[in-house]
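Structure, as structure tokens:
2 protein chains.
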Amino acid sequence: MNQEKRTVEPKLLKGFRDYLPAQVSARQNMLNTIKQVYERYGFVPLETPALEYLATLVGYGEESTKQIFKLQNPEREDIALRFDLTVPLARVVAQYPELPTPFRRYQVGPVWRADKPDPGRFREFYQFDLDTVGCASMVADAEVICGMYDTMRALGIERFQVKFSDRKILNALLEYANIPAESGYQVFRVLDKIEKIGIEAVEEELTVGRIDTSGDKIAGLGLEKTQVRKIKEFIALPKGSHKDVLNDLRKLFQGTASGDEAIGELSEICTYLNALQIPDDIVFIDLNIARGLEYYTGPVFEASLLDVPAFGSVFGGGRYDGLVERFLGKKIPATGASIGVDRLFAAMQKLRLVKMLPSTAQVIVTVMDKSKIVEYQKITRELRLADINTELYLGEEQSLAKQLKYANEQMIPIAAIIGENEFSKDEVTIKDLRLGAQIQDKKKTGIRKDRDEWLRESRKAQMTIPREKLVERIHELLSHNA
Amino acid sequence: MNQEKRTVEPKLLKGFRDYLPAQVSARQNMLNTIKQVYERYGFVPLETPALEYLATLVGYGEESTKQIFKLQNPEREDIALRFDLTVPLARVVAQYPELPTPFRRYQVGPVWRADKPDPGRFREFYQFDLDTVGCASMVADAEVICGMYDTMRALGIERFQVKFSDRKILNALLEYANIPAESGYQVFRVLDKIEKIGIEAVEEELTVGRIDTSGDKIAGLGLEKTQVRKIKEFIALPKGSHKDVLNDLRKLFQGTASGDEAIGELSEICTYLNALQIPDDIVFIDLNIARGLEYYTGPVFEASLLDVPAFGSVFGGGRYDGLVERFLGKKIPATGASIGVDRLFAAMQKLRLVKMLPSTAQVIVTVMDKSKIVEYQKITRELRLADINTELYLGEEQSLAKQLKYANEQMIPIAAIIGENEFSKDEVTIKDLRLGAQIQDKKKTGIRKDRDEWLRESRKAQMTIPREKLVERIHELLSHNA
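Protein chains in written order, with this note's numbering: chain A, 1 to 482; chain B, 1001 to 1482.
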């Protein structure tokens, strides 16, 4: 062995994390639920490599380019870790003309961004993306929104909102307020701050600038009074039913090219969501959402959880008709959304919607006499062949009490115990550790029961049965939660 | 949009590949089957990051170090993509003292090696690892071997072998032949070539060297005649039952320290496999397996498929009691195995054990009249809410024939068709495309049937029913394969 003798410190990279067993299982269950929803819609799975040519990944704005983990392959070509799953999809669509049109795919996997790591902000995180490429109709956008609604429901999230708008609304606003398209991005960035800094500060930033709370000077965009007045008209549009919002938009923007398009798209989506019987108090137009990424060209959507607002948007997307063009030279319409898997998982943990089980085993076979290990192996094998997840205790503890303590910590529901007595009579003692835990809980909480009831429950929690009844009895115990 | 206007060529990196939908689904099914086997054993899932400190990953031999994809994080630290899942496991065990002992985990995921890409050799590939850390008993090794056997069976592979041996056998051979331990690795490398170059060429390489077929001089190791004679005694050991092999080993090596240990370990494993009723014509000792990686210290195992020998070993592992020590400073016993997922998947494709379905949809709702899209959406929604995977046709084709052709290509089993006629009577026509395909197949193969039978089958393949019977009828159709 040419391993070095000094030890290497076992540590994670900054911004990275391990998922330990209870978390992996719970997150996998969450991902399987989401997959099921999208397979219900006929979306198909795709997998692309973690690494791409750097040239494939740059060109989506300075910020994303700055965050790319870059390296070289043995041929000294510039390559990089993917920072999202959308750009690889665009590459795939351009590369394989044999794919069906439209191509409706989902993809789950890690992406990497060399971002400043913060609590809750990681350099490696999972995304779950779904996209429809090759369909210009708003029917596709309505399916994405409907799928977001179904996903939240399937995950057991009771209070959530799905908001949607249209990027073209913002273009209409520029047209209406007579602001050149080039300044659009800056204006939107200021408007995005409304909830954080308030309308007055926004007005200052749009015009002469302001001094922020830390004393820094923020330059103004130099807009004129009439321009700001028009922006404020837009901001002041009252919320309301789809019909009201669309009417208000018509009053303001009808006649501008972008306005007509945006209103057309939004009202189509409303019609479809209505047909799909999606309740409009949960899924509705919110003109304030813009979504960060520059490549959106039409409808945009996002979902957030009402009981944990701090987690922000957990699911968002929109239409991006220009992305595939970069690779193919011709425009291909596309729309989709992405779930921030780790953020959603953290939010669901907070909401106690996640069941964390450290073990996969349903039964533990305790080992009372190591010289009879072969007998314990046979019992273990028998249970496994009967489709019961079974762990044979392989640790160092000799005492039954300590082995059962281990099983309790691992939350394994049932223990099979075979000691001298059981061996001599060809019997097995099985102990329902869930029931045992309940009795203990009740002891702790001080709830007294009469003596008979105690004995009855203890007896139920543990029973000695003939060995040939083992599988049958355990199947019974597992079929109802103790 | 500040995207560049010229197009970027859509291409994959050398040694990387995309998994398109039919492959992803099939591979996912394979992985789920393997997971199920190991959860049956009580193994628990773990996930670690793709990136680790470079220092964590070096020190396992020159070859693996050379193959590491290296990069830097924004803090300018040397980091790298993991090249296997075993080293990260050792890091995790050292880092989290709260993990249960033994820690029995499985992990599935990609690993990266900057290897020379060949057909069938990739720079990114999936591994499925399972390991038991913290158990010195051969019971743990027997569980790994038993699990390999169960995995092959669960995957429907009929003809396979699981071979095992012990690295200490090779040490015993060195002792027996009086060869210093330092030369061991070179000797084993030569012995590994027996099947490829034959015993005579091996003998030459062990002694004076030889000229290979391309005329190159291969230096000899300079062993003496008596040493070579002893090695040849070992090579010539006849195969046979576990009992015979163990007896032969005893005759040769009993009394050497390594020999006694190896024979003890192997005979323990044989006892356990026997108790587990694992047939010894499928799972048996083969003294010729050595496994490449330097870190193995005890039993080693590998599985191969008899009907596709070219794929070599698809599943292999062994005991590595020294690995965690690098991080923790103290020895922790460990044993495990790794499945070459992509190689196994390719082998299963070759064996036709893999069902490739391009679509996840069970029903396609065709669109005959785009102005009635809302009605098609309602029907689609109804089917999805009844847990039927349903695709609403969103492509450009107008004709029913072309939409059905699309459905056939995607292997979607059932089409729901609603035209003018159906709308007027509130009916739906459903067509079993599987049956249609069968009838067509029979036409092609020229098997003639009498006219009545034809009509009966065609009628079964297509039927018009009241709209309210739709869900019920489709559930029926899906419950039996046409």
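No residue lacks a Cβ here, since even glycine has one placed at the ideal position from N, Cα and C.
Every value quoted in this text rests on a predicted model; they were computed, and no experiment measured them.
{"Asked": "Looking at the secondary structure, which residues open and close the beta strand (DSSP E) in which Phe-164 of chain A lies?", "Found": "160-166"}
{"Asked": "Which residues of the segment 41-53 of chain A have a Cβ closer than 8 Å to any Cβ of chain B? Give them in chain order.", "Found": "Tyr-41, Gly-42, Phe-43, Val-44, Pro-45, Leu-46, Glu-47, Thr-48, Pro-49, Ala-50, Leu-51, Glu-52 and Tyr-53"}
{"Asked": "Output needed in chain order: residues of the segment 1262-1295 of chain B with a Cβ under 8 Å from some Cβ in chain A.", "Found": "Thr-1271, Tyr-1272, Ala-1275, Leu-1276, Gln-1277, Glu-1294 and Tyr-1295"}
{"Asked": "At a Cβ cut of 8 Å, what residues of the segment 1306-1335 of chain B count as close to chain A, listed as they run along the chain?", "Found": "Gly-1322, Glu-1325, Arg-1326, Phe-1327, Leu-1328 and Gly-1329"}
{"Asked": "Between A:Ile-289, A:Trp-112, A:Leu-276 and A:Met-463, which has its C-alpha nearest Tyr-149 of chain A's C-alpha?", "Found": "A:Leu-276"}
{"Asked": "Threshold first: 3 residues or longer. Then list the beta strand (DSSP E) segments lying entirely within the segment 200-257 of chain A, N to C.", "Found": "209-211 and 217-219"}
{"Asked": "Closer than 9 Å by beta-carbon distance: list the chain B residues that pair up with Gly-395 of chain A, in chain order.", "Found": "Pro-1100, Thr-1101, Pro-1102, Gly-1134 and Cys-1135"}
{"Asked": "Assuming Pro-1279 of chain B and Asp-1141 of chain B make a contact with CB atoms under 8 Å, what is their CB distance in whole Å?", "Found": "That pair is no contact at about 18 Å."}
{"Asked": "Pull out every residue of the segment 166-181 of chain A whose Cβ sits closer than 7 Å to any Cβ of chain B, in chain order.", "Found": "none"}
{"Asked": "Please report the distance separating the alpha-carbon of Gly-1446 of chain B from that of Met-1356 of chain B.", "Found": "With a pLDDT of only 48 at Gly-1446 of chain B, under 50, the local geometry of the prediction cannot be trusted, and the value read off the model is given with reservation. Computed Cα separation, rounded: 27 Å."}
{"Asked": "Taking 8 Å as the CB-CB cut-off, is Ala-55 of chain A touching chain B?", "Found": "yes"}
{"Asked": "Return yes when the C-beta of Met-148 of chain A is under 7 Å from any heavy atom of the ligand SAM, and no when it is not.", "Found": "This structure simply doesn't include the ligand SAM, nor any ligand for that matter."}
{"Asked": "Under a three-way DSSP split, which group does Arg-1473 of chain B fall into?", "Found": "helix"}
{"Asked": "According to DSSP, is Leu-81 of chain A helix, strand or coil?", "Found": "strand"}
{"Asked": "Check whether the segment 1079-1098 of chain B and the segment 1106-1118 of chain B touch, using three or more Cβ-Cβ pairs below 8 Å as the test.", "Found": "yes"}
{"Asked": "Looking only at its chain, what residues have a beta carbon closer than 7 Å to the beta carbon of Phe-43 of chain A, apart from the 5 residues adjacent to it on each side?", "Found": "Arg-104, Arg-105, Tyr-106 and Leu-130"}
{"Asked": "Could you tell me how far apart the beta carbons of Gln-1398 of chain B and Thr-1366 of chain B are, in whole angstroms, since I believe they sit closer than 8 Å?", "Found": "Between Thr-1366 of chain B and Gln-1398 of chain B the Cβ distance is about 10 Å, and since that is not below 8 Å, they are no contact."}
{"Asked": "Three or more beta-carbon pairs under 8 Å between the segment 1009-1027 of chain B and the segment 31-46 of chain A, yes or no?", "Found": "yes"}
{"Asked": "Is any beta-carbon of chain A found at less than 8 Å from that of Asp-1129 of chain B?", "Found": "no"}
{"Asked": "Return the CA-CA distance between Arg-1343 of chain B and Asp-1369 of chain B, expressed in angstroms with no decimal places.", "Found": "47 Å"}
{"Asked": "For Lys-193 of chain A and Leu-221 of chain A, I'd like the C-alpha separation in whole angstroms.", "Found": "14 Å"}
{"Asked": "Please classify Tyr-1149 of chain B: does DSSP put it in a helix, a strand, or coil?", "Found": "helix"}
{"Asked": "Distance check for Tyr-393 of chain A and Ala-1361 of chain B, CA to CA, integer angstroms please.", "Found": "43 Å"}
{"Asked": "Go ahead and pull the three-state DSSP assignment for Met-138 of chain A.", "Found": "helix"}
{"Asked": "Within its chain, find whatever has a CB closer than 8 Å to the CB of Leu-1478 of chain B; leave out the 5 residues flanking it on each side and keep chain order.", "Found": "Gln-1362, Ile-1388, Pro-1413 and Ile-1414"}
{"Asked": "Among residues of its own chain, excluding the 5 on either side of Arg-1448 of chain B, which ones have a beta-carbon nearer than 7 Å to its beta-carbon?", "Found": "Confidence in Arg-1448 of chain B is poor, its pLDDT being 49 and thus under 50, which makes the residue's placement too unreliable to answer from."}
{"Asked": "Do you know how far the Cα of Glu-1233 of chain B is from the Cα of Leu-1266 of chain B?", "Found": "20 Å"}
{"Asked": "Quick check: Asp-314 of chain A and Leu-305 of chain A, are their CB atoms within less than 8 Å of each other?", "Found": "Checking the sequence, you will find Val at residue 314 of chain A rather than Asp. Against a cut-off of 8 Å, the Cβ pair of Leu-305 of chain A and Val-314 of chain A comes out as a contact."}
{"Asked": "Using C-beta distances below 8 Å, list every residue in its chain close to Ile-1263 of chain B, excluding the 5 sequence neighbours before and after it, in chain order.", "Found": "Leu-1246, Leu-1249, Arg-1250, Phe-1253 and Gln-1254"}
{"Asked": "Kindly list the residues whose CB is nearer than 7 Å to the CB of Arg-1113 of chain B, restricted to its own chain and excluding five residues on each side of it in sequence; keep chain order.", "Found": "Gln-1067, Phe-1083 and Arg-1123"}
{"Asked": "Measuring only the C-alpha atoms, how far is Lys-225 of chain A from Ala-181 of chain A?", "Found": "18 Å"}
{"Asked": "Looking at the strands, I want to know which residues DSSP matches up with Ile-285 of chain A.", "Found": "A:Phe-164"}
{"Asked": "Would you report the Cα separation of Tyr-272 of chain A and Lys-163 of chain A, rounded to the nearest angstrom?", "Found": "15 Å"}
{"Asked": "Entirely within the segment 1354-1396 of chain B and at least 3 residues each: give me those beta strand (DSSP E) ranges in chain order.", "Found": "1363-1365 and 1390-1392"}
{"Asked": "Measure how close the beta-carbons of Ala-55 of chain A and Val-1008 of chain B come, nearest whole angstrom, since I'm counting them as under 8 Å.", "Found": "6 Å"}
{"Asked": "Which term fits Tyr-171 of chain A, buried or exposed, when burial requires 16 or more other beta carbons within 10 angstroms of its beta carbon?", "Found": "According to the sequence provided, residue 171 of chain A is Asn. The question's Tyr does not apply to it. Buried is the call here."}
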